[in-house]
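Each residue of the sequence shown is one higher than the one before, counting from 712 in our numbering.
Working notes, beginning with the structure itself.
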Amino acid sequence: MIANGQRKGVAMGDAMRFRSNVVWMGAVVALIVLSMVNVLLLSSCSSDEQAAQQAQSAEPQNAEAQASASGESVTQTEGDLSENSSESSSEGTRHVASGDYLFLVNRDEENAIPDGWLDSIELVEVENQLGETYTVERKTAEAYESARDELEEEGIHACLNSAYRSRETQESIYAEQAESFGEQYAADHVAPGGHSEHETGIAIDVILIVNGEELRSIEQMEAHPEELEELDRVMAKHGFILRYLDGKEDITGYDPELWHFRYVDDPEVAQEIMSQGITLEEYLGKE
Ligand SMILES: [Zn+2]
Numbered sequence: 712m713i714a715n716g717q718r719k720g721v722a723m724g725d726a727m728r729f730r731s732n733v734v735w736m737g738a739v740v741a742l743i744v745l746s747m748v749n750v751l752l753l754s755s756c757s758s759d760e761q762a763a764q765q766a767q768s769a770e771p772q773n774a775e776a777q778a779s780a781s782g783e784s785v786t787q788t789e790g791d792l793s794e795n796s797s798e799s800s801s802e803g804t805r806h807v808a809s810g811d812y813l814f815l816v817n818r819d820e821e822n823a824i825p826d827g828w829l830d831s832i833e834l835v836e837v838e839n840q841l842g843e844t845y846t847v848e849r850k851t852a853e854a855y856e857s858a859r860d861e862l863e864e865e866g867i868h869a870c871l872n873s874a875y876r877s878r879e880t881q882e883s884i885y886a887e888q889a890e891s892f893g894e895q896y897a898a899d900h901v902a903p904g905g906h907s908e909h910e911t912g913i914a915i916d917v918i919l920i921v922n923g924e925e926l927r928s929i930e931q932m933e934a935h936p937e938e939l940e941e942l943d944r945v946m947a948k949h950g951f952i953l954r955y956l957d958g959k960e961d962i963t964g965y966d967p968e969l970w971h972f973r974y975v976d977d978p979e980v981a982q983e984i985m986s987q988g989i990t991l992e993e994y995l996g997k998e
């Protein structure tokens, strides 16, 4: 019994030492883990962003494939634009948070397309009534399709006429116009590369088709004031503003365009801008 008890006592002592060793080892491991987590937290700002951008940049092809497979409809996906923030600015270049559609792009040097914007968005394809396919930023495409469908129910046929352009396309348009009409004409009428709203994917040209006629000029559009007014109203209701207004050429740098809509996301903001008849420059206090 004694021997057993002693053995038992020894065994119990070992077990207690073992437990206390476990506690110490646990504490040491916890400290190591904590310090590793700390290091990760300190370095996560840039690595998370890169990972998020890599994940985003892999998506457009899938989305395009899905969109083209299902005709005109744009697939509703996870809606993660707001999660992928590229807000931080390190080298003085201009960044916007993904999901922030209220940034200014115009001819001014400081208003180029924000750095990283194109990496943070998803481009999808939208087919118009004429069988033409255009590339549009996903949320902009969904908002446009809602507006177009609403107009269609009223018997008004809106037709997508232009959307995303690559930097290369914009530069070649500029070069062609300069060659055909002179450098001054190109400078007055075409945005230089990096400064066109069409390069953002969130600007679209929308024309009307009335009685089979495609209204492509200001004169043609103005001949149908009721349809035009309804186009503007419904587009604003879905988050779009007209960007180049009559009488605001000095601010926007462009002649009026009744077809060039810019997505700003928040319908309340769009409706406020449109009802006041102001430009995005004025709304943002950057005229
Ligand atoms: Zn346009």
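Built from N, CA and C at the ideal position, the CB exists for glycine as well.
Q) Quick one, are the C-beta atoms of D830 and H806 less than 8 Å apart? A) Translated into positions along the sequence shown, residue 830 becomes position 119. Translated into positions along the sequence shown, residue 806 becomes position 95. No. Outside cutoff.
Q | Cut-off 7 Å between Cβ atoms - residues of its own chain near G950, not counting five sequence neighbours on either side | A | For this step, residue 950 is matched to residue 239 along the sequence shown. Cβ within range, chain order: A854, Y974, V975, D976, D977, P978, A981.
**Q.** Limits of the beta strand (DSSP E) - the one that I952 falls within
**A.** Position 241 of the sequence shown holds residue 952. In the DSSP assignment, I952 falls within the beta strand (DSSP E) that extends over 951-955.
Q) Between E925 and I918, is the Cβ-Cβ spacing less than 8 Å? A) Along the sequence shown, read from residue 1 onward, the residue named residue 925 stands at position 214. Along the sequence shown, read from residue 1 onward, the residue named residue 918 stands at position 207. Closer than 8 Å, so yes.
Q) What are the partner residues of R973, as DSSP defines its beta bridges? A) Mapped onto the sequence shown, residue 973 falls at position 262. Bridge partners of R973: A914, I952.
**Q.** Contact between the region 935-946 and the region 862-869 (3+ Cβ pairs under 8 Å)
**A.** yes
Q: Can you grab the Cα-Cα spacing for the pair M985 / V921, in whole Å?
A: Here residue 985 is taken as the residue at index 274 of the sequence shown, counted from 1. Here residue 921 is taken as the residue at index 210 of the sequence shown, counted from 1. Near 23 Å, if we compare the C-alpha coordinates of V921 and M985.
Q) Sorted by chain position, which residues of the same chain lie with C-beta nearer than 7 Å to E894's C-beta, five sequence neighbours on each side aside? A) For the purposes of this step, residue 894 is taken as residue 183 along the sequence shown, with counting starting at 1. Counting only Cβ-Cβ distances below 7 Å, and skipping sequence neighbours, we find nothing.
Q | Endpoints, the beta strand (DSSP E) within which E983 is located | A | Position 272 of the sequence shown, counted from the first residue, corresponds to residue 983. Unbroken run through E983 is the alpha helix (DSSP H), 978-987; no beta strand (DSSP E).
Q: Can you grab the Cα-Cα spacing for the pair H971 / S907, in whole Å?
A: Counting from one through the sequence shown, the residue named residue 971 turns up at place 260. Counting from one through the sequence shown, the residue named residue 907 turns up at place 196. Roughly 12 Å separates the two Cα atoms.
Q. Q881: buried (16+ other C-beta within 10 angstroms of its C-beta) or exposed?
A. Here residue 881 corresponds to residue number 170 of the sequence shown, with the count starting at 1. Classification for Q881: buried.
(Q) At the level of alpha carbons, what is the spacing between Y994 and L956? (A) Within the sequence shown, the letter at position 283 stands for residue 994. Within the sequence shown, the letter at position 245 stands for residue 956. In this structure, the straight-line span from the alpha carbon of Y994 to that of L956 is close to 13 Å.
Q) E933 and L939 look like a contact to me (Cβ under 8 Å); what is the Cβ gap, rounded to whole Å? A) As a first step, residue 933 is located in the sequence shown; it is residue number 222 there, counting from the start. As a first step, residue 939 is located in the sequence shown; it is residue number 228 there, counting from the start. Rounded, the Cβ-Cβ distance is 7 Å, consistent with contact.
Q) Beta carbon of E968: closer than 7 Å to some heavy atom of ligand 1? A) Mapped onto the sequence shown, residue 968 falls at position 257. Indeed, a heavy atom of ligand 1 lies less than 7 Å from the Cβ.
Q | alpha helix (DSSP H) segments (min. 4 residues) lying fully within the region 860-900 | A | 878-892, 894-900
**Q.** Those residues which DSSP pairs with V945 across a bridge
**A.** As a working note, residue 945 is residue 234 in the sequence shown. Answer is none; V945 lacks a bridge partner.
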